Each structure stands twice: as C-alpha cells, then as structure tokens.
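Enquirer: Mind looking over this structure? Questions follow.
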Amino acid sequence: MLLKVDNLTIQFHTRNGITTAVDNVSFAVNSGEILGIVGESGSGKSVSCYSLLGLIPMPPGKVESGTALFEGQDLLAMDQSQLRDVRGDDVAMIFQDPMTCLNPFLTIGEQLVEPLIYHRGYNKKDAKQRAIELMGETGIKKAAQRFDSYPHEFSGGMRQRVMIAMALITEPKLLIADEPTTALDVTIQAQILELVKELQTKRDLGVIFISHDLAVVRGLADKVIVMKEGQVVERNTTKALFENPQHEYTKQLLDAVPSGAKTAGKVSDTKALLRVRNLVTEFYDRNTGKPFRAVDDVSFDLIQGEILGLVGESGSGKSTIGRSILKLVPARGEVTFDGKELLGLSQKAMRPIRRRMQMIFQDPYASLNPRMTVFDTLAEPLLVQGLATRQTVEAQVLELMDDVGLARAAIKKYPHEFSGGQRQRIAIGRAVATKPELIIADEPVSALDVTIQKQILELIKALVDKHNLSMLFVSHDLSVVRALCDRVMVIEHGKLVEIDDTEALWMQPKEAYTQRLMAAIPSV
Amino acid sequence: MLRYTLLRLLQAIPVLFAVITATFFLIRQAPGGPFDAEKPVIPAVKRALEAKYNLDLPVWQQYTQYLGDLFKGDMGPSFKYPGWDVHDLILSGLPTTAELALYALLVALVIGVLAGVFASLKPNTAQDYIPMSLAMIGICMPTFLLGPLLVLMFGFWLEWLPVTGWGDLPGDKILPSITLGAAYAAYIARLTRGGMLEIMSQDYIRTARAKGLPEWVVVTKHALRGGLIPTIAFLGPAFAGLLAGSFVVETIFQIPGLGRFYVQAAFNRDYTMILGTTIFLSTLIIIFNLLSDLLATWLNPKLRSQFRGGAV
C-alpha cells in the first residue's frame, strides 16, 4: 500500500465556532492505481488531501485525529521540514487553475527545475536538460525554445501540461490532482486526462484524482470514494459504483448529471424573434496592435419560444455574441429584435427595448450588488421600468420570489447570506422581473455544483414555458446544452461552424470540429 | 515602451506650464517684493533695481518675457544673490541634497522592505503589529521632532555620532539620512506588507509550497518579485519627495543643500529663485514618477511583452 489514510478528522477553529471539514475519513491508494474522490464544493475532498502535506493553514485548521501512512511513515506526525522533503519529491500535486497556479513573474523553466534543484541537488544545466525532456514528454512542442517563456505566453491547456511536467519531474510515487481539468475546454480536458492516464501506467504512479465531475472520474479512476459534508458516504470500484450506486446521495449525484436530450415538444412557432445577420465584433489586440475579430460574420435566427444553445470553447467568441446583441460591446452587421434594427439605435432609444431583453451571468455573486437586499434587487427593475408602484411592489416581489423558488422569508437578506444556487435564483428573478421576451444566459450554471445545477436548469425550463420566453443559452458544457436546448449552434474562432436541432447535431454532426467536440465529451 | 514614454513626457508639458503659471502669479500676489527690506531703500535705487530686473513692466509682459527666457533655458538671475544665476545656485546645492536624498532612500528601502516582509509573514500577530505600529509612529512623527531626538540620543548622550555638517567628520551623514528616511521607511514598510500579503495568498505560492521549496525560497524568489511592485512604483515619488522635503533636515544638521535656497527664496520674495526651484522640483517629480512607473511595468513579464509588441 502506497498511501493509507485512516480516521482522518480535521477541524477549523474560527471565531464563529468549530467546523468539522473532514470527519473520520479513510482511504488508500496503491502504486499504479487511480483513486477518484468525488464530491460537491465544501465536501472536504480537497482539505483531506491538502492536510496530508501540511498545505492547509494551521491555525485555524487542525488535524484532530488520524494517521496517513505513506510508505509506512506517518505524514501527519511529521514536522514542516520533514513534510517539505516529501512534498514535490515523492508526493507531487497539480491544481485546478493553471492560470493562477504558475508564478507569472518567473519563467516556466525557472519553475520547472526547482524540485530537482531543491530535492535532488541537480545543477542548473542538468536540471534544465531533464526539464526539457519532460516538457516534450508531456506534449509541449518546441520545448527547448519555450523553456524561457513566461506562463502568460502559454494557453490554459499548455500551462496544465507544464504543471504536470513540474509535478512529475522528481518521479514521484504519488500524484494528487485537484480538479486538474475543471478550468479547461472539453477537447483540452480529453487530452490532459489521456496524458495523466498514460503517465500513470508508464510510471506505475499512484494517483488521487479529486473532482466534482462524475463523468471524468468514471473515465479515469479505478476506484472511487464519494464525499459529502466531510464524510465518506460510499466507496467502491468505479464500475460497481456507477452501475450500482448504493447510497442515496450517490444516486442523487448521478441523477443530477444532465444526460440525454430535451424531451419537451419542439417549438412549432417559426417567427424569428431575433434575427442576426453578418455580425462582426472587433477588438483591438494589445499585443499586435491590430484589430482582432472576436465574432466573425455570424448569422442566425432565434425563433420565438425556443432555447437556442450557443457552444464553443473559451475564446471562441460565444459570450461576445451575446454582448453584441445587447449592445454591450460595439458591433457591426444587423441585429433585428421583433422587427426593430438594434445596432443603429442610440443608447437612449435602446432603453425601452432593454426591458424586453435581459441577461443572466455566470457568477451571481459578482453580478449582484452586495449592499442590496433581495427586495432591493428585485424591486429596482420593476420600479425603474414603471411596472410597479410603491404600493404594489412588495406583492410583486414576493410573487417573483415564488416564481424562482426563493423562500418569502428571505426578502430582507443580502446576497452573501445565500448559497451559490440561491444567488443564481435571485439573478434569474431580477432578469425575469420586467417580463422580458428574450433572455441571454451566459454560462448560468457553470459555477454551480451538479445537484444545484440540475435545480437551476429545471427552474429555467419552467420559466421559459410559463412566460413563453426565448433564450440564447451560452455554455461550454455540452451535456447541459443537450438537456436544455431545442437547437444548438457551434462557434469556433468567432465563426459559426454548424447550427441544427439538438438531436440532429448530436447524432450526426456534419462538421469535423463538431465531431471532435462530441468525441471529447466524457459521459457517466 | 518608447511610445508610452513619449506620451507621458508630452502629458508633462501642460502640467509644467500650469505649475509655472500658478507659481508666477501667486508669488506676485504675496505682499511685499524682493527689494522691500526692513531698512527702507531710497526710492530711486529701488526703481533702478526694479527696472534692471524688468519688475517695472506690466505683470503679463513679465510673464511672457520669463517664459521666453525659460524656453531658451535661462531661469534668470537671482534677485537676492547678486551676480548669481538661479541655474547656478540650484546646481551648487543639488549634489549635496541629492546625496542626502539618496542615502535617505536607501535607509527607507532597507528598513521598510525588511520590516514589511517580516510583518507580512505572520499577519495579525505580534510580529506584524509591532513593526507596523512603529511604522505608524514613523509616519506621524515630523522630522523636526525626530531629528533633535536623534541628535540628543546619539550625539549628546551616547556621543556616538557627530550632529552637524556634511562630509566634514566621519559618520556625520548617518543621522541626517536616518532622520529624512524614517517617514519613507514607514510608508515603504506598509506598502511592502500589503503587496506581500496580496501575493502570499495567490495560488502560485501554494504551488511553490507544494513543490517542497524551503520557506525562504518561497518568500524571496516567488513572492518578493510581485510583492515589491507597489513599493517600486512608490520609489519615484519618494525620491522626488525626499529632494523637495530635505529643507528641515538640512536646517537641523546645517547641511549646505538645496532646501535653504528654496525656503529662503520664499521669505525673500526672490521671484526668479522661487520659480526656478519650483520648476526644477516639478520636473524631477514628473521624471521620477515616470521612471518608477516604467520600472514597475517592466518587472511584470506580461506587461513587458506588450511593450515589446510596440502597442500601448
């Protein structure tokens, strides 16, 4: 047994009392084996691994009990200097966001060679040679030239390869990977997962793979533990767990993963509520000094009452399309909403139309004013647009809260008092308050846990049906799009690749790019 | 980078122009003139003096004439030091003041950065509170109080260091430099602490720790480069401030620097001297601000590559 963790309990001692983050957790990993740890945010899956290496802040964190035998030695009994010898040498880590996990002030090379220099006493020249070899092995092209590049000169996927190379440079025995593909596009995710799998087999590496994404874990892990509120609720081999889940929570998690296609009837209406023709949005590129086309000659119709999915990888211009339609960024071309051409309108002439077109953003915490209560947030659009009077506004706000599934008692609460899912409900409430006809939703469920995501998707569906809304649903998550949208359009490098009915697109993608995208989707 | 620098320099022209204009007219609003002494001067002599320095012309004409001369690089003669040009007076005091300001800046940097980093390593503990409280005192304490206190302690009680002069006795540069640098050390300590705390909470510091690097490497190699950027951006304004603010220290320690010209010129209504020193110091402030901004930008690899691309 490479690592054997028994009865690990970790508490955080804060001014507001003691919280148990990890409660009597046990797990084990062998060499050449991948253990998946699955759970939603706050389930303690990361803390349980970080604490083994002394990487949680202590205080307030405290290991209350437990042992963690790594090759027979108890990690939890080690002092900081002994732990330092283990970290980055025998046990290495990779993290979620390669954008923020590499030091922007140091070159890739400087960061790559550090473990060799501090753990293995390499000189700089040998370390550099080894680093370049490993960069090549993890799929970084022109490794020797890129050794002296800075992190910002790499794409997200390439940075994660750098992180992996850095983790593996000392030939560790155990790799802890904390959501390593969550911040990446689906095609890049597939490449990184393949790389992890390949390296694990080749080097007989033990891997702990922490993820909220059940499909990814299913495709990768040999065995899985499911965590909830600091406790392990179920453990089994991957096959058995996914085919025959025992615990209620595991079933709930699996059930929440969007799968299959939208079942509701097709939209019969054919009237285009929104007509977009030859839309072009250009930005000034600071690096080259040349204009850069974020949206390049895109044309489509959004039919009254439909949910049109807009998918693409990061940087494809999908969010910019939404913003261009709402005139939040300057664009050229033709955007007709209910027969009115929008792009030529002044901001003032646009104002009455804004009531009829609303937007929902990815991060409800950032898009809600922290100093406004639910009442203030929901009452504001009603009063500004003259849809309510001082006398009627409270009743209307309460009705709106019922609509989006918020408890009426919460009316005087502030955004920070809510969970992420409830905050997204507030944001949706604000968007539908003015009874708009079109909603542009920009990744509205991407920041949410899978069970919450399911609830919000159901809410969106219900609202669309109830109010006969039309929606442009921007997302990178293809499974979500498939479960929600009537039609889907695919965007690559600002250009429209393909637009079709959802099922037709899934079953018979015509374009090569769409086919690649579909092939990269992991499934439960 | 070049385009940005040129743009900044161009922006400095209206600023300087405004400074010159405001100073020129404000100083003439002050009661009295350069040739009003305690002992009345014979009116004929005074008229002759005023004619010699063009003070008998209408104010706007004096103004255009001054601007014209300035454009040719001539700051005019001093009214109070006959035979001296403003230009020469400034240059005579500058080396001493610049040296003093430089030492004070070094004192401020060494003490400030060390204290700031030290405090940031254990935030909200005694290791943080003690140096930061001292820094607060440093900011609050005026130099005319700190200077005499240091003189009393190190000059008279301990008799370790000389208390006047500049370059006459060994060690006579120490007390003035510390007196002048103390407040800036305190500012730098606070800036450094803030910058370091920001960086130490970044994900890449966790990565560095996960690699098993010794803590001193994490701090000096991974955190300090980013953490010092606010401090570096402050160096320019600080150096300019030290040059301009050396008067009190120069007076306490009897140092023949620039400060005395600046202040005495104001008392004496030495119009050209006031204008000259003001223009000189404003130019320095603009240049040093620009230099430290450029340095801080260059230290950030991402911004540096944008500069290389020629944009901005």
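So the sequences go chain by chain: A and B. Count the first sequence with this note's numbering and you get residues 1 to 524, in order. Count the second sequence with this note's numbering and you get residues 1001 to 1312, in order. All C-beta atoms in this analysis are idealised placements derived from N, C-alpha and C, irrespective of residue type, glycine included. In this text the structure is predicted, and so the values were computed from the model without any measurement.
Given that a residue counts as buried once 16 or more other Cβ atoms are within 10 Å of its Cβ, and exposed if not, what is A:P352?
Expert: For the purposes of this step, residue 352 of chain A is identified with residue 352 of the first sequence, where counting begins at 1. When all chains shown are included, A:P352 counts as exposed.
Enquirer: Would the segment 33 to 41 of chain A and the segment 83 to 95 of chain A be scored as touching if the rule is three or more Cβ pairs under 8 Å?
Expert: The answer is no - the segment 83 to 95 of chain A does not touch the segment 33 to 41 of chain A, with fewer than three Cβ pairs under 8 Å.
Enquirer: So, helix, strand or coil for A:F242, using DSSP?
Expert: The count along the first sequence starts at 1 and reaches residue 242 of chain A at position 242. Helix, per DSSP.
Enquirer: What does the Cβ neighbour count give for A:R277, buried or exposed, with the cut at 16 atoms within 10 Å?
Expert: Position 277 of the first sequence, counted from the start, is the residue given in the question as residue 277 of chain A. A:R277 is exposed by the Cβ-count criterion.
Enquirer: Using a Cβ cut-off of 7 Å, pull out every chain A residue sitting near B:D1203, in sequence order please.
Expert: Within the second sequence, residue 1203 of chain B is the residue found at index 203, counting from 1. Those are F95, D97, T100, C101, listed as they occur along chain A.
Enquirer: Bridge partners for A:Q73 per DSSP, in chain order?
Expert: In the first sequence, the residue the question calls residue 73 of chain A occupies position 73. According to DSSP, which records beta bridges pairwise, A:Q73 is partnered with A:F70.
Enquirer: Mind pulling the alpha helix (DSSP H) runs of 4 or more residues that sit fully within the segment 320 to 387 of chain A?
Expert: For the segment 320 to 387 of chain A, whole alpha helix (DSSP H) runs of length 4 or above, ordered along the chain, are 347 to 354, 364 to 367, 374 to 384.
Enquirer: With a cut-off of 8 Å, does the C-beta of A:R161 fall near any C-beta of chain B?
Expert: Indexing the first sequence from 1 puts residue 161 of chain A at position 161. No - not a single Cβ of chain B is within 8 Å of the one on A:R161.
Enquirer: With a cut-off of 8 Å, do at least 3 Cβ pairs link the segment 1294 to 1304 of chain B to the segment 1245 to 1263 of chain B?
Expert: Because the criterion of three Cβ pairs below 8 Å is not met, the segment 1294 to 1304 of chain B and the segment 1245 to 1263 of chain B do not touch.
Enquirer: I'd like to know whether the C-beta of A:G88 is nearer than 8 Å to at least one C-beta of chain B.
Expert: For the purposes of this step, residue 88 of chain A is taken as residue 88 along the first sequence, with counting starting at 1. True, the Cβ-Cβ gap to chain B drops below 8 Å.
Enquirer: Give the C-beta separation of A:Q358 and A:T434 to the nearest angstrom, bearing in mind that I take them to be a contact with Cβ-Cβ under 8 Å.
Expert: For the purposes of this step, residue 358 of chain A is identified with residue 358 of the first sequence, where counting begins at 1. For the purposes of this step, residue 434 of chain A is identified with residue 434 of the first sequence, where counting begins at 1. 7 Å between Cβ atoms; contact.
Enquirer: Rounded to whole angstroms, what is the Cα-Cα separation between A:F473 and A:I307?
Expert: In the first sequence, the residue the question calls residue 473 of chain A occupies position 473. In the first sequence, the residue the question calls residue 307 of chain A occupies position 307. Looking at the two C-alpha atoms, the distance is approximately 7 Å.
Enquirer: Among residues of its own chain, excluding the 5 on either side of A:T138, which ones have a beta-carbon nearer than 7 Å to its beta-carbon?
Expert: Along the first sequence, read from residue 1 onward, the residue named residue 138 of chain A stands at position 138. Contacts found: R161, I164, A165, L195.
Enquirer: Which term fits B:P1058, buried or exposed, when burial requires 16 or more other beta carbons within 10 angstroms of its beta carbon?
Expert: What you label residue 1058 of chain B is simply residue 58 of the second sequence in a count that begins at 1. By the neighbour-count rule (16 or more Cβ atoms within 10 Å), B:P1058 is not buried but exposed.
Enquirer: What does B:R1003 touch in chain A if you count any residue whose Cβ is under 7 Å from its own?
Expert: The residue labelled residue 1003 of chain B in the question sits at position 3 within the second sequence. Near B:R1003 there are no residues of chain A at all, since even the closest Cβ is about 10 Å away, more than 7 Å.
Enquirer: Judging by CA-CA distance, which residue of A:K271, A:V224, A:L274, A:G386 is the nearest neighbour of A:T250?
Expert: The residue given as residue 250 of chain A occupies position 250 in the first sequence. Of the candidates A:K271, A:V224, A:L274, A:G386, the one whose C-alpha sits nearest the C-alpha of A:T250 is A:V224.
Enquirer: If we require 3 or more residues per run, which beta strand (DSSP E) segments fall completely within the segment 422 to 494 of chain A?
Expert: Segments of the beta strand (DSSP E) lying fully in the segment 422 to 494 of chain A: 438 to 442, 470 to 475, 487 to 492.
Enquirer: Which of the three DSSP states is assigned to B:R1190 in this structure?
Expert: Stepping through the second sequence from its first residue, residue 1190 of chain B is reached at position 190. In this structure, B:R1190 counts as helix in the three-state DSSP scheme.
Enquirer: Label B:M1136 either buried or exposed according to how many other C-beta atoms from any shown protein chain fall within 10 Å of its C-beta, with 16 as the threshold for buried.
Expert: Locating residue 1136 of chain B in the second sequence gives position 136, counting from the first residue. The residue is exposed, with fewer than 16 neighbouring Cβ atoms inside 10 Å.
Enquirer: Compute the distance between the beta-carbons of A:L273 and A:L438, then report whether it is under 8 Å.
Expert: Translated into the one-based positions of the first sequence, residue 273 of chain A becomes position 273. Translated into the one-based positions of the first sequence, residue 438 of chain A becomes position 438. Closer than 8 Å, so yes.
Enquirer: Would DSSP call A:R390 helix, strand or coil?
Expert: Counted from its first residue, the first sequence places residue 390 of chain A at position 390. It is coil, neither helix nor strand.
Enquirer: Let's test the definition: count the other Cβ atoms within 10 Å of the Cβ of A:Q96 and tell me whether it reaches 16, buried, or not, exposed.
Expert: In the first sequence, counting from the first residue as 1, residue 96 of chain A sits at position 96. The residue is buried, with at least 16 neighbouring Cβ atoms inside 10 Å.
Enquirer: I think A:H416 touches A:P364, with their Cβ atoms under 8 Å apart; what is that distance to the nearest whole Å?
Expert: In the first sequence, residue 416 of chain A corresponds to position 416, counting from 1. In the first sequence, residue 364 of chain A corresponds to position 364, counting from 1. Wrong, their Cβ atoms sit about 11 Å apart, outside the cutoff.
Enquirer: Quick check: the Cα distance between B:G1309 and A:L106, rounded to an integer number of angstroms?
Expert: Along the second sequence, one-based indexing puts residue 1309 of chain B at 309. Along the first sequence, one-based indexing puts residue 106 of chain A at 106. Caution applies to B:G1309, whose pLDDT of 48 falls short of 50 and renders its modelled position unreliable; the value that the coordinates give is listed next. Going from the Cα of B:G1309 to the Cα of A:L106 covers about 20 Å.
Enquirer: Just checking: is the beta-carbon of A:H476 within a distance shorter than 8 Å of some beta-carbon in chain B?
Expert: Numbered from its first residue, the first sequence carries residue 476 of chain A at position 476. No, A:H476 does not count as interfacial toward chain B.
Enquirer: List the endpoints of the continuous beta strand (DSSP E) containing A:Y284.
Expert: Here residue 284 of chain A refers to the residue found at position 284 of the first sequence. Unbroken beta strand (DSSP E) run through A:Y284: 272 to 284.
Enquirer: Taking the DSSP output, what are the residues bridged to B:S1177?
Expert: Within the second sequence, residue 1177 of chain B is the residue found at index 177, counting from 1. Note: B:S1177 sits in no beta bridge, so no partner.
Enquirer: Quick check: A:V233 and A:H212, are their CB atoms within less than 8 Å of each other?
Expert: Here residue 233 of chain A refers to the residue found at position 233 of the first sequence. Here residue 212 of chain A refers to the residue found at position 212 of the first sequence. Their beta carbons are not under 8 Å apart, which means A:V233 does not touch A:H212 by this criterion.
Enquirer: Going by DSSP in three states, A:A177 sits in which element: helix, strand or coil?
Expert: Within the first sequence, residue 177 of chain A is the residue found at index 177, counting from 1. Three-state result, A:A177: strand.
Enquirer: With 8 Å as the C-beta to C-beta threshold (strictly closer), list the residues of the segment 49 to 61 of chain A near chain B in chain order.
Expert: So the list reads L53, L55, given in the order they occur along the chain.
Enquirer: Going by DSSP, which residues form a beta bridge with A:M93?
Expert: Against the first sequence, residue 93 of chain A aligns to sequence position 93. DSSP, once it has assigned bridges, lists A:I176 as partnering A:M93.
Enquirer: Can you give me the start and stop residues for the alpha helix (DSSP H) that A:V47 sits inside?
Expert: On the first sequence, position 47 is the one that residue 47 of chain A refers to. Element bounds for A:V47: 45 to 50.
Enquirer: When you check each C-beta in the segment 1217 to 1229 of chain B against every C-beta of chain A, which residues fall closer than 8 Å?
Expert: Flagged, chain order: V1217, K1221, H1222, R1225, G1226.
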